[in-house]
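Novice: Going by full-length UniProt numbering, 234 is the number at position 234 of the sequence shown; the sequence numbering is gapless.
Sharing a structure, written as structure tokens. Questions coming.
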Amino acid sequence: MTATGDTVTGDADIRDAATGVPAAIELVGVAKDYQSRGRAVPAVSRVDLEIRSGEFFSLLGPSGCGKSTTLRMIAGFEEPTRGRILLQGRDVTAVPPNRRDVNLVFQSYALFPHLDVAGNVAFGLRRRGVKGRELRERVGSMLDLVELSELADRRPRELSGGQQQRVALARALVNRPAALLLDEPLGALDLKLRQTMQIQLKAIQREVGITFVYVTHDQGEALTMSDRIAVMNGGRVEQLASPRDIYERPRTRFVAGFIGTSNLLRRTVRAVDAAGPDGRPTVVLDAGVEERLSAPLHPQTGPLRAGDQVELTVRPEKIEMSATRPDGPGCALRGRIVEVVYLGTYTTYTVATHGGNEITVFWQNSTGASNIAERGDEIWLSWLPEHSYVLPESVDLPEADDQPEAIALPAAVALPEAVALPASVDPAEAVDPAAGTSTDPVAYRVSH
1 MTATGDTVTG DADIRDAATG VPAAIELVGV AKDYQSRGRA VPAVSRVDLE
51 IRSGEFFSLL GPSGCGKSTT LRMIAGFEEP TRGRILLQGR DVTAVPPNRR
101 DVNLVFQSYA LFPHLDVAGN VAFGLRRRGV KGRELRERVG SMLDLVELSE
151 LADRRPRELS GGQQQRVALA RALVNRPAAL LLDEPLGALD LKLRQTMQIQ
201 LKAIQREVGI TFVYVTHDQG EALTMSDRIA VMNGGRVEQL ASPRDIYERP
251 RTRFVAGFIG TSNLLRRTVR AVDAAGPDGR PTVVLDAGVE ERLSAPLHPQ
301 TGPLRAGDQV ELTVRPEKIE MSATRPDGPG CALRGRIVEV VYLGTYTTYT
351 VATHGGNEIT VFWQNSTGAS NIAERGDEIW LSWLPEHSYV LPESVDLPEA
401 DDQPEAIALP AAVALPEAVA LPASVDPAEA VDPAAGTSTD PVAYRVSH
């Protein structure tokens with residue numbers, strides 16, 4: 001079975017409907033257990049994924065959710081306990097990492113300190129026997145792509161963190177792998193640089209057209225760069241969808257709470273209207289006097305009836321505030337402001353509702369905006385029903401604390417060519433110390 005967005009299919013060899021090309025990567029019933037004190041501890045529990053050719057795909061989740069273990073199984077550094085892994089339709093479950101057409105970019109970059117930028121990028125090509133003009137052209141082209149041509153003769157210690165990250169990226173891409181695997185490569189960068197690199201990384205991926213599989217715990221990174229996101233928790237995929245769908249229509253309580261900020265209201269179903277205001281089935285929930293709570297009923301929520309307990313989620317930026325009760329059929333709750341925090345681009349209001357919940361509101365600080373309320377003020381909150389989402393009952397998952405994630409590489413596993421040990425460098429291809437005097441550093445740095 002293979003998860004594709006919100007659907008599941010039974011065909012392991014998923015092909016693009018238009019081109020007939022096999023999926024770049026498929027995980028079919030993949031699971032990974034580790035032995036701890038005589039018992040099996042699941043790190044990944046039956047993951048089914050189909051990653052399309054040329055897409056930017058992110059595995060997102062908290063520490064210990066199994067995302068890095070999943071990436072290591074794709075790379076070949078971990079063997080699945082059960083299931084199969086396919087690359088471009090070919091079963092590679094038992095294929096060693098150095099024979100898989102994928103490259104891995106580590107968070108630590110793993111650059112060779114004795115080689116300059118061009119030498120690091122050229123290393124994998126030399127290992128494959130690429131020489132002469134082709135070597136110079138491919139290295140030069142890749143340095144142009146990551147905007148490091150002018151730094152070709154510098155050593156890693158002379159580069160900033162962002163520049164080192166781009167060298168590692170260029171070295172992994174120069175071999176033209178079928179897929180590039182990235183294990184939190186921006187984690188060591190400061191906030192501003194990380195945000196800049198997110199845009200650059202996505203632009204590079206679009207230009208080269210290679211499938212990227214990106215592991216991160218940072219929701220902002222995943223939302224910024226990804227075509228699709230698999231949100232993992234407790235070794236399982238809780239939701240697989242586009243960034244917009246993940247954010248706007250979370251499938252579980254965990255996804256709603258983990259992605260961005262959500263207000264979760266536990267309420268009782270008063271009625272289910274088969275033909276709501278816009279013609280769609282609508283759930284009407286219990287609320288106080290003069291208050292209103294409703295939301296569209298989505299098929300994946302499952303059947304509901306009066307008396308059922310559900311959780312309603314609404315994002316803080318969807319909520320309006322007013323001093324008087326709003327008109328219209330939308331949702332409306334009363335409350336008192338208990339906290340106001342100014343954050344530059346917006347102000348955060350925390351409102352204690354009369355029903356006993358605390359609701360967070362993000363109020364944009366636009367040109368003509370001013371503080372519409374102060375701490376202690378009575379206020380009305382309102383939002384459109386379609387901006388609410390009724391969450392289905394949560395699925396019981398293993399505790400995340402039991403999921404090992406950072407696993408040391410077995411001693412017998414061979415490193416892929418793009419990150420082979422520097423001891424294997426041919427002395428004849430050593431760095432030319434005089435190369436820095438050239439007006440064309442790449443031509444000198446990459447030997448014939």
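We put the CB at the ideal spot given by N, CA and C, even for glycine.
In this text, all values refer to a predicted model and were calculated from it rather than measured experimentally.
Closer than 8 Å is the cut-off here; do at least three beta carbon pairs connect the segment 105 to 123 with the segment 161 to 172?
Specialist: Yes: the two stretches touch, three or more of their Cβ pairs being nearer than 8 Å.
Novice: Using only CA atoms, which one of Leu312, Ser63, Met142 and Asp33 lies nearest to Ala256?
Specialist: Walking along the sequence shown from the start, residue 256 turns up at place 256. Among Leu312, Ser63, Met142 and Asp33, the Cα nearest to that of Ala256 belongs to Leu312.
Novice: Since Gly335 and Leu381 are thought to touch, with beta carbons under 8 Å apart, how far apart are those beta carbons, to the nearest angstrom?
Specialist: On the sequence shown, position 335 is the one that residue 335 refers to. On the sequence shown, position 381 is the one that residue 381 refers to. Indeed they touch by this definition, with Cβ atoms about 6 Å apart.
Novice: Using the three-state DSSP reduction, which class does Thr353 fall into: helix, strand or coil?
Specialist: On the sequence shown, residue 353 is found 353 positions in, with the first residue counted as 1. Reduced to three states, the DSSP call for Thr353 is strand.
Novice: Taking C-beta to C-beta, are Pro243 and Cys331 nearer than 8 Å?
Specialist: The sequence position of residue 243 within the sequence shown is 243, counting from 1. The sequence position of residue 331 within the sequence shown is 331, counting from 1. In this structure, Cys331 does not lie closer than 8 Å to Pro243 by Cβ.
Novice: Exposed or buried, Val146, counting other C-beta atoms within 10 Å across all chains shown (16 or more means buried)?
Specialist: Taking the first residue of the sequence shown as 1, we reach residue 146 at position 146. Buried.
Novice: By how many angstroms is the C-alpha of Gly140 removed from the C-alpha of Thr216?
Specialist: Your numbering for residue 216 matches position 216 in the sequence shown. Your numbering for residue 140 matches position 140 in the sequence shown. Rounded to the nearest angstrom, the two C-alpha atoms are 30 Å apart.
Novice: Is the separation between the beta-carbon of Val237 and that of Leu87 shorter than 8 Å?
Specialist: In the sequence shown, counting from the first residue as 1, residue 237 sits at position 237. In the sequence shown, counting from the first residue as 1, residue 87 sits at position 87. In this structure, Leu87 does not lie closer than 8 Å to Val237 by Cβ.
Novice: Which of the three DSSP states is assigned to Ala271 in this structure?
Specialist: For the purposes of this step, residue 271 is taken as residue 271 along the sequence shown, with counting starting at 1. Reduced to three states, the DSSP call for Ala271 is strand.
Novice: Go ahead and label Asp401 buried or exposed: buried means 16 or more other beta carbons lie within 10 angstroms of its beta carbon, across all protein chains shown.
Specialist: Position 401 of the sequence shown, counted from the first residue, corresponds to residue 401. Note that Asp401 scores a pLDDT of 37, beneath 50, so its modelled location is shaky and nothing firm can be said.
Novice: Since I believe Val102 is in contact with Pro177 (beta carbons under 8 Å), could you give me their beta-carbon distance rounded to a whole number of angstroms?
Specialist: On the sequence shown, residue 177 is found 177 positions in, with the first residue counted as 1. On the sequence shown, residue 102 is found 102 positions in, with the first residue counted as 1. Indeed they touch by this definition, with Cβ atoms about 5 Å apart.
Novice: Please report the Cβ distance between Glu374 and Val340, rounded to the nearest whole angstrom; I am assuming they are in contact, meaning their Cβ atoms lie under 8 Å.
Specialist: What you label residue 374 is simply residue 374 of the sequence shown in a count that begins at 1. What you label residue 340 is simply residue 340 of the sequence shown in a count that begins at 1. With 8 Å as the limit, Glu374 and Val340 qualify as a contact, their Cβ atoms being about 7 Å apart.
Novice: Is it right to say Val338 is buried, meaning 16 or more other beta carbons lie within 10 angstroms of its own, or is it exposed?
Specialist: In the sequence shown, the residue the question calls residue 338 occupies position 338. Per the 10 Å Cβ criterion, exposed.
Novice: If you draw a straight line from the alpha carbon of Gly54 to that of Leu264, how long is it in whole angstroms?
Specialist: Translated into the one-based positions of the sequence shown, residue 54 becomes position 54. Translated into the one-based positions of the sequence shown, residue 264 becomes position 264. Near 36 Å, if we compare the C-alpha coordinates of Leu264 and Gly54.
Novice: Would you identify the three-state DSSP class for Val28, choosing helix, strand or coil?
Specialist: Taking the first residue of the sequence shown as position 1, residue 28 is located at position 28. Three-state result, Val28: strand.
Novice: In the DSSP output, what is Ser36 paired with across the bridge?
Specialist: For this step, residue 36 is matched to residue 36 along the sequence shown. Its beta-bridge partners are Arg39.
Novice: May I ask you to list the residues that DSSP assigns as paired with Gln239?
Specialist: Here residue 239 refers to the residue found at position 239 of the sequence shown. According to DSSP, Gln239 bridges with Val231.
Novice: Just checking, does the segment 243 to 254 make contact with the segment 217 to 226 on the three C-beta pairs under 8 Å criterion?
Specialist: With the cut-off at 8 Å, the segment 243 to 254 and the segment 217 to 226 touch.
Novice: Per DSSP, what kind of secondary structure is Leu293 in: helix, strand or coil?
Specialist: Position 293 of the sequence shown, counting from 1, holds the residue named residue 293. In the structure shown, Leu293 sits in coil (DSSP, three-state: anything other than H, G, I, E or B).
Novice: Beta-carbon separation of Val269 and Ala295 under 8 Å?
Specialist: Against the sequence shown, residue 269 aligns to sequence position 269. Against the sequence shown, residue 295 aligns to sequence position 295. No.
Novice: Taking buried to mean at least 16 other C-beta atoms within 10 Å of its own C-beta, is Arg72 buried or exposed?
Specialist: Locating residue 72 in the sequence shown gives position 72, counting from the first residue. Arg72 is buried by the Cβ-count criterion.
Novice: Could you check how far apart the C-beta atoms of Ala152 and Val117 are, in whole angstroms? I think they sit under 8 Å.
Specialist: Position 152 of the sequence shown, counting from 1, holds the residue named residue 152. Position 117 of the sequence shown, counting from 1, holds the residue named residue 117. Indeed they touch by this definition, with Cβ atoms about 5 Å apart.
Novice: According to DSSP, which residues form a beta bridge with Arg82?
Specialist: Here residue 82 corresponds to residue number 82 of the sequence shown, with the count starting at 1. BP columns for Arg82 point to Ala31.
Novice: Three Cβ pairs or more, each shorter than 8 Å: is that satisfied between the segment 80 to 96 and the segment 197 to 217?
Specialist: Verdict: no, contact absent.
Novice: Given a cut-off of 8 Å, decide if Ala24 and Ala203 are closer than it, judged by their beta-carbon atoms.
Specialist: The residue given as residue 203 occupies position 203 in the sequence shown. The residue given as residue 24 occupies position 24 in the sequence shown. It is not a contact, given that the beta carbons lie outside the stated cut-off.
Novice: Using the three-state DSSP reduction, which class does Ser226 fall into: helix, strand or coil?
Specialist: Residue numbering aside, residue 226 sits at position 226 when the sequence shown is read from its first letter. Coil at Ser226, not helix or strand.
Novice: Who are the near neighbours of Arg280 in its chain, counting only those whose CB is closer than 6 Å to its CB and skipping five residues on each side?
Specialist: By one-based count along the sequence shown, residue 280 stands at place 280. Taken in chain order, the residues that qualify are Pro296.
Novice: State the DSSP-derived secondary structure class of Gly302, mapped to helix, strand or coil.
Specialist: Along the sequence shown, read from residue 1 onward, the residue named residue 302 stands at position 302. In this structure, Gly302 counts as coil in the three-state DSSP scheme.
Novice: Expressed to the nearest angstrom, what Euclidean distance is found between the alpha-carbon atoms of Ile74 and Ile85?
Specialist: Here residue 74 corresponds to residue number 74 of the sequence shown, with the count starting at 1. Here residue 85 corresponds to residue number 85 of the sequence shown, with the count starting at 1. Each residue's alpha carbon lies about 7 Å from the other.
Novice: List the whole-angstrom C-beta distance separating Leu59 from Thr70, where the pair is believed to meet the contact cut-off of C-beta under 8 Å.
Specialist: The residue labelled residue 59 in the question sits at position 59 within the sequence shown. The residue labelled residue 70 in the question sits at position 70 within the sequence shown. About 6 Å separates the two Cβ atoms, so the contact holds.
Novice: Using the Cβ count rule (16 or more neighbours within 10 Å means buried), how would you classify Val289?
Specialist: Taking the first residue of the sequence shown as 1, we reach residue 289 at position 289. Under this definition Val289 is an exposed residue.
Novice: Between Val361 and the ligand SAM, is there a pair consisting of the residue's CB and a ligand heavy atom that are separated by less than 7 Å?
Specialist: This structure simply doesn't include the ligand SAM, nor any ligand for that matter.
Novice: Per DSSP, Cys331 forms a beta bridge with which residues?
Specialist: What you label residue 331 is simply residue 331 of the sequence shown in a count that begins at 1. DSSP lists Trp383 as partners of Cys331.
Novice: What separation, rounded to the nearest whole angstrom, lies between the Cα atoms of Gly66 and Val44?
Specialist: Counting from one through the sequence shown, the residue named residue 66 turns up at place 66. Counting from one through the sequence shown, the residue named residue 44 turns up at place 44. Going by the C-alpha atoms only, they are around 5 Å apart.
Novice: Going by C-alpha distance, which of Phe123, Gly89, Arg82 and Gly76 is nearest Arg100?
Specialist: Translated into the one-based positions of the sequence shown, residue 100 becomes position 100. Comparing Cα positions, the closest option is Gly76.
Novice: Take Val272 as the anchor and find which of Arg39, Arg253, Asn120 and His298 has the nearest alpha-carbon.
Specialist: Within the sequence shown, the letter at position 272 stands for residue 272. The shortest C-alpha separation from Val272 is found at His298.
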